[in-house]
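Structure first, then comments.
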Amino acid sequence: MGSGIRRRCRPAALIAGLLFLDDYAQAQGRLDTLALDPVSQAMESELLRTHRELERPGRPPPYYVGFWVIDFELVELRGSLGALTVDRRDSGRRIKVELRLGDHRVDNSNFMGPNLEFEVQRPGDDPQPAVQADGTALRREFWLLADTAYRSANELLDQKKAQRASEVEVDELPADFSVEEPRSVAVDRHATLPDRDVLIRTILAASERFLSYPAIHDSEVAVEAWVVRRRFVSSEGVRSYEPSQLTRFSVRGSTQAPDGMPLSHSEEWFGTVTSDALLAQVTRIGSELTSLRDAPLVEDYSGPVLFEGIAAAQITAELLSLSLSGTPGHDGQDTPLARRLGRRVLPSDFSLFDDPTLDSVQGIPLFGGYAFDDEGVIPQRVSLVESGRLKQLLMSRTPRKEFSSSNGHGRSGLSGWAKGGIGNLVMESRRGVSKAALRRRLLATAAEQGLEYGVVVTRLDTRGFSTNGFSPPVPQTAFKLYPDGRIVFVRGAALGEMSVRDLRDIVAASSELSAGHFSTTWPSGLETPSTVVVPSLLFEEVEVKRPKSAHARPPAWPRSAIE
Numbered sequence: 021m022g023s024g025i026r027r028r029c030r031p032a033a034l035i036a037g038l039l040f041l042d043d044y045a046q047a048q049g050r051l052d053t054l055a056l057d058p059v060s061q062a063m064e065s066e067l068l069r070t071h072r073e074l075e076r077p078g079r080p081p082p083y084y085v086g087f088w089v090i091d092f093e094l095v096e097l098r099g100s101l102g103a104l105t106v107d108r109r110d111s112g113r114r115i116k117v118e119l120r121l122g123d124h125r126v127d128n129s130n131f132m133g134p135n136l137e138f139e140v141q142r143p144g145d146d147p148q149p150a151v152q153a154d155g156t157a158l159r160r161e162f163w164l165l166a167d168t169a170y171r172s173a174n175e176l177l178d179q180k181k182a183q184r185a186s187e188v189e190v191d192e193l194p195a196d197f198s199v200e201e202p203r204s205v206a207v208d209r210h211a212t213l214p215d216r217d218v219l220i221r222t223i224l225a226a227s228e229r230f231l232s233y234p235a236i237h238d239s240e241v242a243v244e245a246w247v248v249r250r251r252f253v254s255s256e257g258v259r260s261y262e263p264s265q266l267t268r269f270s271v272r273g274s275t276q277a278p279d280g281m282p283l284s285h286s287e288e289w290f291g292t293v294t295s296d297a298l299l300a301q302v303t304r305i306g307s308e309l310t311s312l313r314d315a316p317l318v319e320d321y322s323g324p325v326l327f328e329g330i331a332a333a334q335i336t337a338e339l340l341s342l343s344l345s346g347t348p349g350h351d352g353q354d355t356p357l358a359r360r361l362g363r364r365v366l367p368s369d370f371s372l373f374d375d376p377t378l379d380s381v382q383g384i385p386l387f388g389g390y391a392f393d394d395e396g397v398i399p400q401r402v403s404l405v406e407s408g409r410l411k412q413l414l415m416s417r418t419p420r421k422e423f424s425s426s427n428g429h430g431r432s433g434l435s436g437w438a439k440g441g442i443g444n445l446v447m448e449s450r451r452g453v454s455k456a457a458l459r460r461r462l463l464a465t466a467a468e469q470g471l472e473y474g475v476v477v478t479r480l481d482t483r484g485f486s487t488n489g490f491s492p493p494v495p496q497t498a499f500k501l502y503p504d505g506r507i508v509f510v511r512g513a514a515l516g517e518m519s520v521r522d523l524r525d526i527v528a529a530s531s532e533l534s535a536g537h538f539s540t541t542w543p544s545g546l547e548t549p550s551t552v553v554v555p556s557l558l559f560e561e562v563e564v565k566r567p568k569s570a571h572a573r574p575p576a577w578p579r580s581a582i583e
């Protein structure tokens, strides 16, 4: 990749851990500032008290305690047909306690039972609610959560030990919690919300463009902007802080075909989006939906399918975002790739890595980076697939037989134990070809299978979860490509079940990379962004299904004229 890669942050000084700051004086200043901060002082004091004093007669004390404080500010704006429909400003705090009893070998984690992490929300328009401004109030919240977690942890540890004592283990079990070098991170970054008035003008102008498309029944342009400040302290001596800012724009439109079939398109973008770029996307979505109303229904098809551009990133995220986790399941069930280490999972010319420390790759901005993961561990670049063979997995601090340490990919949001998850996932092929050559390869593969045409998918539904291919996202735009160059767009397509095994049979890939940006919303309301960068991908055989269900009738008369 060479000069096409830009790192998110560079280490410069080592003071009580690793600090991503420009020089020693700046690093020392950040540490001093954080040490005097009332929130940090409250966290430190209550963490020390919890670790040293929380113990009941006959019960073990916690061998590990972690405290999180996540402060956020949010602006949410939504517009439809030039009118503002949602104007929300919010701020709040989430806190989390992770408490472990026993020892690294056997503790209260990795076992089915009550959830041992808890969160407290202090919502409201006031940017400084009482629990935020007052250290005593914050210490009280941590005390209550730690006490509840301690009670539950004792019960769960007893249940876990009793079950293990009643079973005969076939293989030696890995430890429950890895031993890591304590490394603290202080990120010196100024994070502020974008100008609200500018955002309002931008989305209102874009949403008004839908007035030009009377066939669109419902539409919306929205923006959500967050500033998130994460603080983490642990009994291992880690003291970390990271502010960040993320802006997400979205466009949505929906209509019905004359036969009643619902049609909807949506898209999301992270980062800065100009007014002209947003208007262009509204125009694209409005034009595509209007044209698709009269497109023919898709026919049942089983054969080569080319996922172009963002659709390739979307299907890769569907198949791999969960499958690359190395965290063992509570019930002994592993992800589809966990037992395929050393075996071929992609064609021999493919490579795959995940690197949350990157800002960009080949000029493509990335949004899945972070300075420390949801267990306080600094992320590493992980070379997952080399020459088609699976070499590593994304690890949290829950070890497995093959990997005893975390590589900084523990993701959990604010609920549940952390699991290995993607940040910035990048796939490459040494034999990538041009877009035109890839389409020719599609047609040749279709001809080899006795088919009259090949199918190209250029965009899938936007969603923030994966089913490991069991129920892939529905294509928004797909067309039949004929040998004479004809393109016939179709509607109503659905993809059959896919799996990570389909990746081994990729026929060819493009030389150009495209990105998909994804966001998982946790129960706490916070977002975990990730980016997947891949070439366009030609799969040897994918099932495309014609819709079978009935649809509601379309409106009996057209939308009123809007001047």
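The working numbering puts the sequence shown at residues 21 to 583.
We put the beta carbon where it would ideally sit given N, CA and C, even for glycine.
Just so it is clear, the structure is predicted and the values come from calculations on it, not from any experiment.
For residue i, the first and last residue of its enclosing beta strand (DSSP E)
{"i": "Thr-548", "result": "547 to 565"}
{"i": "Ile-115", "result": "103 to 121"}
{"i": "Gln-400", "result": "Here Gln-400 belongs to no beta strand (DSSP E), and DSSP marks it neither H nor E."}
{"i": "Arg-251", "result": "238 to 254"}
{"i": "Ala-498", "result": "495 to 501"}
{"i": "Thr-267", "result": "259 to 276"}
{"i": "Leu-445", "result": "444 to 449"}
{"i": "Ser-478", "result": "Residue identity differs from the one stated: residue 478 is Thr in this sequence, not Ser. Run containing Thr-478: 474 to 480, per the beta strand (DSSP E) assignment."}
{"i": "Val-381", "result": "378 to 381"}
Nearest-angstrom beta carbon gap, residue j and residue i [assumed within contact, 8 Å]
{"i": "Arg-259", "j": "Ser-198", "result": "Rounded, the Cβ-Cβ distance is 20 Å, inconsistent with contact."}
{"i": "Ile-220", "j": "Val-241", "result": "At roughly 11 Å, the Cβ-Cβ gap does not stay under 8 Å, so Ile-220 and Val-241 are not in contact."}
{"i": "Leu-361", "j": "Glu-422", "result": "6 Å"}
{"i": "Val-494", "j": "Ala-333", "result": "With 8 Å as the limit, Val-494 and Ala-333 do not qualify as a contact, their Cβ atoms being about 16 Å apart."}
{"i": "Thr-377", "j": "Gly-396", "result": "Actually they are not in contact, since the Cβ atoms of Thr-377 and Gly-396 sit about 16 Å apart, beyond 8 Å."}
{"i": "Lys-374", "j": "Val-402", "result": "In the sequence as displayed, the identity of residue 374 is Asp instead of Lys. With 8 Å as the limit, Asp-374 and Val-402 qualify as a contact, their Cβ atoms being about 5 Å apart."}
{"i": "Leu-445", "j": "Leu-340", "result": "7 Å"}
{"i": "Ala-225", "j": "Leu-299", "result": "7 Å"}
Enclosing alpha helix (DSSP H) for residue i [first to last residue]
{"i": "Asn-614", "result": "Since the first and last residues shown for the chain are 21 and 583, residue 614 lies out of range."}
{"i": "Pro-1", "result": "Since the first residue of the chain shown is 21 and the last is 583, residue 1 is not available in this structure."}
{"i": "Leu-357", "result": "Neither: Leu-357 is in no alpha helix (DSSP H) and is coded neither H nor E."}
{"i": "Thr-465", "result": "455 to 468"}
{"i": "Gly-306", "result": "295 to 312"}
{"i": "Leu-219", "result": "216 to 228"}
{"i": "Leu-340", "result": "330 to 340"}
Close-in-space but distant-in-sequence residues of the same chain around residue i (CB under 7 Å, 5 per side omitted)
{"i": "Arg-216", "result": "Val-95"}
{"i": "Val-253", "result": "Met-63, Glu-64, Leu-67, Phe-87, Arg-259"}
{"i": "Gly-291", "result": "Thr-267, Pro-385, Phe-387"}
{"i": "Ser-255", "result": "Leu-67, His-71, Tyr-84, Val-85"}
{"i": "Leu-533", "result": "Gln-382, Ile-384, Val-553, Val-554, Pro-555"}
{"i": "Pro-214", "result": "Ala-245, Thr-267"}
{"i": "Ala-528", "result": "Val-453, Leu-458, Arg-461, Leu-558"}
{"i": "Arg-573", "result": "Gly-280"}
Beta-carbon proximity of residue i to residue j, cut-off 7 Å
{"i": "Glu-560", "j": "Ser-322", "result": "no"}
{"i": "Ser-227", "j": "Ser-100", "result": "yes"}
{"i": "Thr-497", "j": "Arg-479", "result": "yes"}
{"i": "Arg-304", "j": "Glu-288", "result": "no"}
{"i": "Glu-338", "j": "Ser-486", "result": "yes"}
{"i": "Pro-15", "j": "Gly-408", "result": "The structure shown has nothing for residue 15, since the chain only spans 21 to 583."}
{"i": "Val-475", "j": "Val-325", "result": "yes"}
{"i": "Ile-115", "j": "Val-89", "result": "yes"}
{"i": "Asn-427", "j": "Gln-400", "result": "yes"}
{"i": "Met-447", "j": "Leu-372", "result": "yes"}
{"i": "Val-520", "j": "Leu-404", "result": "no"}
{"i": "Ala-173", "j": "Asn-128", "result": "yes"}
{"i": "Ile-236", "j": "Thr-275", "result": "yes"}
{"i": "Val-271", "j": "Val-293", "result": "no"}
{"i": "Pro-492", "j": "Leu-515", "result": "yes"}
{"i": "His-537", "j": "Thr-548", "result": "no"}
{"i": "Ala-331", "j": "Val-477", "result": "yes"}
{"i": "Leu-165", "j": "Val-117", "result": "yes"}
{"i": "Phe-230", "j": "Lys-180", "result": "no"}
Neighbourhood of residue i by C-beta distance below 6 Å, restricted to the same chain and skipping five residues each side
{"i": "Pro-419", "result": "Pro-194, Ala-195, Ser-198"}
{"i": "Ser-432", "result": "Asp-394, Ala-438"}
{"i": "Met-518", "result": "Gly-489, Pro-492"}
{"i": "Ala-45", "result": "Here the model assigns Ala-45 a pLDDT of 43, short of 50, so the residue's position is not dependable and the matter cannot be decided."}
{"i": "Leu-177", "result": "Leu-121, Gly-122, Asn-128"}
{"i": "Phe-509", "result": "Ala-315, Phe-499"}
Residues of its chain near residue i, where Cβ-Cβ distance is below 8 Å and the 5 sequence neighbours each way are ignored
{"i": "Asp-145", "result": "Residue confidence for Asp-145 is low, a pLDDT of 31 falling below 50, so the modelled location carries little weight and cannot support an answer."}
At least three beta-carbon pairs within less than 8 Å, the region 376 to 387 to the region 454 to 471: no
Check whether the region 490 to 505 and the region 523 to 543 are in contact - that is, three or more C-beta pairs closer than 8 Å. no
Validate contact between the region 397 to 414 and the region 338 to 349 using beta carbons, cut 8 Å, 3 pairs: yes
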